[in-house]
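J.:
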Amino acid sequence: MALIVQKYGGTSVGSIEKIRAVAERVINTAKQGHRMVVVLSAMAGQTDGLIRLAHQLNRDPDPRELDVLMSTGEQASVALFAIAVKSMGHEACSLLGFQAGIHTDDLYGKARIHDVEPGRIIRNLDQGRIVTVAGFQGIDGRGDITTLGRGGSDTTAVALAAALNADVCEIYTDVNGVYTTDPNICPKARKMDFIAYDEMLEMASLGAKVLEIRSVEFAKKFNVPIHVRSTFANERGTMVVAETKDMEKVAVSGVAYNKNEARVTIRKAPDQPGIASRIFEPVFKAGIVVDMIVQNTSQDGMTDLTFTVPKTDFYKTMKLVTDVAVKIGAERVLGDEDIAKVSIIGVGMRTHAGVAKKMFETLARENINIIMISTSEIKISCVIEEKYTELAVRVLHSTFGLDADPGKTSQQ
Ligand code: ADP
Ligand code: ASP
Ligand code: MG
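In this text, residue positions in the sequence shown follow our numbering: the first is 711, and each later residue adds one.
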């Protein structure tokens, strides 16, 4: 008898028929004698719809109230799922984040789980129930509802798997596993049987939303094996594990993209000690995560500073930075939301020369202008115009030899 944590994403529970099919699948596994904890996302499109409603009232809605609102998507899913399971004659119990003992800090919209008290889940499992837990949400020290950031149901699932010492955490989604790049934009993407935590971390942090980054951090920290697989097929997916063989053999093992960042440029800021710290202080204070930062060399004592932030924080950042720009005497602040970051990832990059050159040449051949570049030991990222994202991903995937054999595409 195993303890299995399963998580079903938005498309997997996107309609009443799909919820019914998931309920059947879970009951079948429970009938084999396994203890089942099922984490659900909101039905497809729900979270976006709720955010749109809030934005009709305010472009920058109050974060506490937005979390109260967004958490209702998952609340509906778990209730419907428990109703489905019970109507099929099996015991079930739905729990919201706070009832499942998921305690977080109070950073609304991107709260971090600091501990899980799974007592109530265990008591329900002991009574033979299938326990379904609302993903993406928790409770802070004041008793307020928090959400964990977009895609956060993955994190709920892995955190519960760690706290319950589950045998496996299965992430059910709308693709067959983790691929060398997004199979929905690159038909030649290849499914991987295994991927190491570190590589998955890098892929997730660079935009491969198949797993949310914090879920991978949790899995790595607590050594939880994750099996990413399709809700709509029975085949094995991808195991995310500590180590894989052959990791260093290829220079580039995946391509990722992120369309969720925006660029902010402060033009002609005085080039003096302390300026960067003054510009970023209010941004950091607001809990906004800054990604790439580039400062140009100074000309006539003035410099340009460019950085990227999540699109969701773009308006807030523009407001904060415009205020500082006036105070420090910068010329103006420019913003651009139509950008994308395309990245190549590979542990083997450390030992293979010429990878960056090949990436830049490939983009140049397609006439794609590089706006910003950032590198680390195992990844290279380029910011480009958003409209070239798909093209850039496909040509990089080919250039680095990642394309599936002809005739064997992601659909197989
Ligand atoms: P869910 O709603 O099940 O959580 P998501 O939409 O969050 O699903 O994540 C699954 C999607 O991730 C896929 O439909 C695919 O478009 C995208 N994706 C991006 N990069 C990858 C990758 N390297 N491998 C697999 N899927 C990827
Ligand atoms: N419903 C949330 C979202 O759309 C959380 C999740 O699906 O994981 O981001
Ligand atoms: Mg997701």
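By construction, the Cβ of each residue, glycine as well, lies at the ideal position given by its N, Cα and C atoms.
So if DSSP puts residue 1008 in a beta bridge, which residue, or which two residues, is it bridged to?
T.: Per DSSP, none; premise fails for residue 1008.
J.: How big is the Cα-Cα spacing for residue 740 and residue 914?
T.: Distance between the alpha carbons of residue 740 and residue 914: 31 Å.
J.: Taking contact to mean at least 3 C-beta pairs separated by less than 8 Å, is the region 889–905 in contact with the region 841–852?
T.: With a cut-off of 8 Å, the region 841–852 and the region 889–905 do not count as touching, because too few Cβ pairs lie within range.
J.: Buried or exposed: which applies to residue 726, given that a residue is buried once 16 or more other Cβ atoms fall within 10 Å of its Cβ?
T.: With fewer than 16 Cβ atoms within 10 Å of its Cβ, residue 726 is classed as exposed.
J.: Might you give, ordered along the chain, the residues of its own chain that have their beta carbon closer than 8 Å to the beta carbon of residue 838, omitting 5 neighbours on each side?
T.: Counting only Cβ-Cβ distances below 8 Å, and skipping sequence neighbours, we find 801.
J.: Measuring CB atoms only, is the region 745–757 touching the region 770–785, in the sense that at least three cross pairs come out at less than 8 Å?
T.: With a cut-off of 8 Å, the region 770–785 and the region 745–757 count as touching, because enough Cβ pairs lie within range.
J.: Suppose contacts are defined by Cβ-Cβ distances below 7 Å. Is residue 973 in contact with residue 1034 by that definition?
T.: No.
J.: Return the Cβ separation of residue 885 and residue 920 in integer angstroms, given the expectation that the two are a contact with Cβ distance under 8 Å.
T.: With 8 Å as the limit, residue 885 and residue 920 qualify as a contact, their Cβ atoms being about 7 Å apart.
J.: For the beta strand (DSSP E) that contains residue 880, what are its first and last residues?
T.: From DSSP, the beta strand (DSSP E) with residue 880 extends over 878–883.
J.: Let me know the beta strand (DSSP E) ranges lying completely inside the region 1045–1112, each 3 residues or longer, listed in chain order.
T.: Listed in chain order, they are 1049–1055, 1082–1086, 1089–1095.
J.: Work out the CA separation of residue 840 and residue 871 for me, nearest whole Å.
T.: Taking the straight line from one Cα to the other gives about 15 Å.
J.: Nearer than 6 Å: is that true of the beta carbon of residue 861 relative to any heavy atom of the ligand MG?
T.: Result yes, Cβ under 6 Å from the ligand MG.
J.: Look at the Cβ atom of residue 729, then the Cβ atom of residue 791, and state whether they are nearer than 7 Å.
T.: Result yes, Cβ atoms of residue 729 and residue 791 sit closer than 7 Å.
J.: Would you report the Cα separation of residue 819 and residue 806, rounded to the nearest angstrom?
T.: The straight-line gap from Cα to Cα measures roughly 17 Å.
J.: Judging by CA-CA distance, which residue of 1110, 995, 1012, 1052 is the nearest neighbour of residue 1063?
T.: Of 1110, 995, 1012, 1052, the residue nearest in Cα terms is 1110.
J.: With 16 other CB atoms within 10 Å as the buried threshold, where does residue 903 fall?
T.: Counting Cβ neighbours within 10 Å, residue 903 comes out exposed, since fewer than 16 surround it.
J.: Enumerate, from N- to C-terminal direction, the unbroken alpha helix (DSSP H) stretches of 4 or more residues contained entirely within the region 894–937.
T.: The qualifying runs are 907–915, 923–932.
J.: Taking residue 758 as the reference, which of 1032, 928, 861 has the closest Cα?
T.: Of 1032, 928, 861, the residue nearest in Cα terms is 861.
J.: Skipping 5 residues on each side, what residues in its chain have a beta carbon closer than 6 Å to that of residue 918?
T.: Contacts found: 966.
J.: Following a CB-centred definition, is residue 719 positioned closer than 6 Å to any heavy atom of the ligand MG?
T.: Residue 719: yes, Cβ under 6 Å from the ligand MG.
J.: Quick check on residue 966: does DSSP put it in helix, strand or coil?
T.: Of the three classes helix, strand and coil, the one that applies to residue 966 here is strand, per DSSP.
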